[in-house]
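Sequence positions in the sequence shown follow my numbering and run 581 to 1020. Read the structure below first, then the notes.
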Amino acid sequence: MGGARPQRAVRIHRDPPDALAPRSDEAISRAFREEGPAILATLIRQVGDFTLAEDALQDAFAAAVATWPRDGVPNSPGAWITTTARRKAIDRLRRERGLADRIERMAALAARDTAAGDAAQTTDDHDRDDGAHFADDRLRLIFTCCHPALALDARVALTVKLLGGLTTAEVARAFLVSEPTMYQRLTRAKRKIAAARIPYRVPPPELLAERRDGVLAVVYLVFNEGYAAASGDRLVRGELCGEAIRLGRLLVNLLPRDPEVLGLLALMLLQDARRDARVDAGGEYVALDRQDRALWDRGRIAEGTHALDQAIAERRPGPYQLQAAIASLHATAPNAGATDWIEIATLYAELDRRSPSPVIRVNRAAALAFAGAPEAGLELVRPLLDDARLSAYAPLHAAHAELLRRTGARDDAVAAYDRAIAATANAVERAELERRRAAV
């Protein structure tokens, strides 16, 4: 092993001292959002331990916070974080003596670190090995976490947490449970993976089907957090949308004739096509019926429509295909007034029959309102208001408020908007709800 090896030279962006701190803060935040999950997936492959990889990555970002404001931002922040995290993992393994498997891993990591340092002398890009494996590592991580030995909700939650870069609180909101409950669920899942020695790999073709549902759910949850961020001051986290779509394409390559895989890819593409029109130049929310359709990405719409056509040709309809069909009705309507809301409400009814969900019911109720039947929408929503799990589900209260407004119950609509505003952690969505409340 030898002693500590001197740090290899890394080219640094040289700025005036007073400019280093804000530049480094922005670079660290960007690296955490855009590259953190990919780096974590690679670290898990390299160290073979979920908790060790997470701890080492946190150590690396802490080191960046301590050194980048002083020394400047590396030309390749992701490579710097990866190399530093690997060294932090070695340090942690070194402190845990007496376990043969850890000693072997420490030796392997040290050898890899030496090779990475040698490569850094000739390139600024990601460590050659890590760059080649980043894409596959994320797919391996999904399939590892979606092993059938884990309960389905644990599979999805764990992978969304690790791959999507979401906080435990964000994952808890997505699953409508408390943060302590989600923390315990995630901890148990990681322990079970370690105890069962679940291999870190994409399974062979004959085993893909048994993990498909969990994998698709994971990818779609990552996309949803990007499409409508649960918290923060951005409505859209584009890096998560892009990552989910990239993973969707990889899954289509793995399962090219699976209609639900194609349906999910179509759904994400068709929804993401509207990204640039969903907020205005000032960052404020723009409702679907007010969006500038010239800003919609026609390439995304064409690719999504093609994937949906391929899925339908298999004649095995499923939930993702139904959602993609709904998205296609929005994407192909020439203007808001031409949207076929009756067909959309019908598709939501079929979706609710196949995959009953309060979220689907809320969307169906909203579609009925646009189709001219707000009273029918209220009939769907009222039972959901008594569900304690949905008390803090802002879209439910927002839909309830809109339905009440359309039926003329303005005072009740204001109260429903108040509940939606109180339950909303995203600043852009909250501002839009406040605007609608004021309009009532």
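Here a beta-carbon is modelled for each residue, glycine too, at the ideal position from N, C-alpha and C. Computed from a predicted structure; not experimentally measured.
Original post:
Who are Gly812's beta bridge partners in DSSP?
Top reply: When DSSP reads this structure, Gly812 sits in a beta bridge with Asn1006.
**OP:** Starting from Val795, follow the alpha helix (DSSP H) in both directions and report where the run begins and ends.
**Re:** That run of the alpha helix (DSSP H) goes Pro785 to Tyr807.
Subject >> Of the residues Arg934, Arg672, Asp605 and His727, the one placed nearest Glu790, counting alpha carbons only >> reply: By alpha-carbon distance to Glu790, the top candidate from Arg934, Arg672, Asp605 and His727 is His727.
**OP:** With a floor of 3 residues, list each beta strand (DSSP E) that falls wholly inside the region 845-932, ordered by position along the chain.
**Re:** Scanning the region 845-932 from its first residue to its last, no whole beta strand (DSSP E) run of 3-plus residues comes out.
Original post:
So, using beta-carbon positions, are Leu570 and Val802 closer together than 7 Å?
Top reply: Only positions 581 to 1020 of the chain appear in this structure, which leaves residue 570 out of reach.
Original post:
Taking DSSP as the reference, what is the three-state secondary structure of Pro779?
Top reply: When secondary structure is reduced to three states using DSSP, Pro779 falls in the coil class, being assigned neither helix nor strand.
Original post:
Which same chain residues, not among the five before or five after Ala918, have their C-beta less than 7 Å away from its C-beta?
Top reply: Same-chain partners within the cutoff: there are none.
Original post:
Mapping DSSP to helix, strand and coil, what is Pro649?
Top reply: Helix, per DSSP.
Original post:
If we call anything under 7 Å between Cβ atoms a contact, is Val627 one with Ala618?
Top reply: No, Cβ-Cβ distance for Val627 and Ala618 is not below 7 Å.
Original post:
Thinking C-beta only, is Ala669 closer than 7 Å to Ala636?
Top reply: With respect to Ala669, Ala636 sits close: the two C-beta atoms are nearer than 7 Å.
Subject >> beta-carbon Arg855 near the ligand COA non-hydrogen atom, thresh 6 Å >> reply: Only the bare structure without any ligand can be found here, which leaves the ligand COA out of the picture.
Original post:
What separation, rounded to the nearest whole angstrom, lies between the Cα atoms of Val740 and Gly884?
Top reply: Taking the CA atoms as reference points, Val740 sits about 23 Å from Gly884.
Original post:
Would the beta-carbon of Leu909 fall within 7 Å of that of Ile892?
Top reply: Cβ distance not < 7 Å, so Leu909 and Ile892 don't count as in contact.
Original post:
Thinking just about the alpha-carbon of each residue, which of Leu766, Asp932 and Thr912 is nearest to the one in Arg854?
Top reply: Looking at the Cα atoms, Thr912 is the closest of the given residues.
Subject >> Arg792 beta carbon less than 7 Å from that of Arg720 >> reply: One thing to note: Arg720 has its Cβ no nearer than 7 Å to the Cβ of Arg792.
Original post:
Which residue spans inside the region 719-755 form an unbroken beta strand (DSSP E) run of at least 3?
Top reply: Entirely contained in the region 719-755, not one beta strand (DSSP E) run reaches 3 residues.
**OP:** Can you check the region 945-994 for any alpha helix (DSSP H) of at least 4 residues that lies completely inside it and give the ranges in chain order?
**Re:** Taking only runs of at least 4 residues, the alpha helix (DSSP H) segments lying wholly in the region 945-994 are 954-961 and 974-986.
Subject >> Cβ shell of Leu948 (< 6 Å), same chain only, five flanking positions each side left out >> reply: Non-local C-beta neighbours of Leu948 in its own chain, meaning closer than 6 Å and more than five positions away in sequence, comprise Ala925, Ala956 and Gly957, ordered along the chain.
**OP:** For Pro938, count neighbouring C-beta atoms within 10 Å of its own C-beta (all shown protein chains included) and say buried if the count is 16 or more, exposed if not.
**Re:** By the Cβ neighbour-count rule, Pro938 is buried, with 16 or more other Cβ atoms within 10 Å of its own.
**OP:** Taking Pro836 as part of the alpha helix (DSSP H), name the residues at either end of that continuous run.
**Re:** Here Pro836 belongs to no alpha helix (DSSP H), and DSSP marks it neither H nor E.
Original post:
Exposed or buried, which one is Gly616 when buried takes at least 16 other CB atoms within 10 Å?
Top reply: When all chains shown are included, Gly616 counts as buried.
**OP:** Reducing DSSP to helix, strand and coil, say where Glu606 ends up.
**Re:** The answer is helix: DSSP assigns Glu606 an H, G or I state.
Original post:
Among residues of its own chain, excluding the 5 on either side of Pro954, which ones have a beta-carbon nearer than 6 Å to its beta-carbon?
Top reply: Cβ within range, chain order: Leu983, Arg986 and Thr987.
**OP:** Could you check if Glu823 is buried or exposed, using at least 16 other CB atoms within 10 Å of its CB as the buried criterion?
**Re:** Taking every protein chain shown into account, the CB of Glu823 has 16 or more other CB atoms within 10 angstroms, so this residue is buried.
Subject >> Spatial distance of Gln851 from Val653 (CA atoms) >> reply: Using only the alpha carbons, I get a separation of about 35 Å.
Original post:
Among the residues of its own chain, which have a CB less than 6 Å from the CB of Ala729, if the five just before and after it don't count?
Top reply: So the qualifying residues of the chain are Ala776.
Original post:
Just how far apart, CA to CA, sit Leu964 and Ala643?
Top reply: One C-alpha to the other measures close to 47 Å.
Subject >> Under 7 Å between C-beta atoms of Ile940 and Leu931 >> reply: Taking a C-beta distance under 7 Å as the contact criterion, Ile940 and Leu931 qualify as a contact pair.
Original post:
Nearest-angstrom Cα distance between Pro596 and Trp648?
Top reply: Low confidence applies here, because Pro596 scores a pLDDT of 40, under 50, leaving its location unreliable; read the following figure in that light. Their Cα atoms are separated by approximately 13 Å.
**OP:** Taking 7 Å as the cut-off, decide whether the C-beta atoms of Thr1028 and Met762 are in contact.
**Re:** Outside the modelled stretch of the chain, which goes from 581 to 1020, sits residue 1028, for which no answer is possible.
**OP:** Answer with buried or exposed for Pro836, where buried requires no fewer than 16 other C-beta atoms within 10 angstroms of its C-beta.
**Re:** It counts as exposed.
Subject >> Own chain residues within Cβ distance below 6 Å of Gly711, not counting five before or after >> reply: Any reading at Gly711 must be qualified, since the residue scores a pLDDT of 38, below 50, and its modelled position is unreliable; the value itself is stated next. Within the same chain, Gly711 has no close Cβ partners at all.
Subject >> Closest Cα partner of Arg771 within the set Asp629, Asp877, Ser935 and Tyr807 >> reply: It is Asp629.
Subject >> Cα-Cα separation between Glu864 and Thr1004, rounded to whole angstroms >> reply: The alpha-carbon atoms of Glu864 and Thr1004 are separated by roughly 15 Å.
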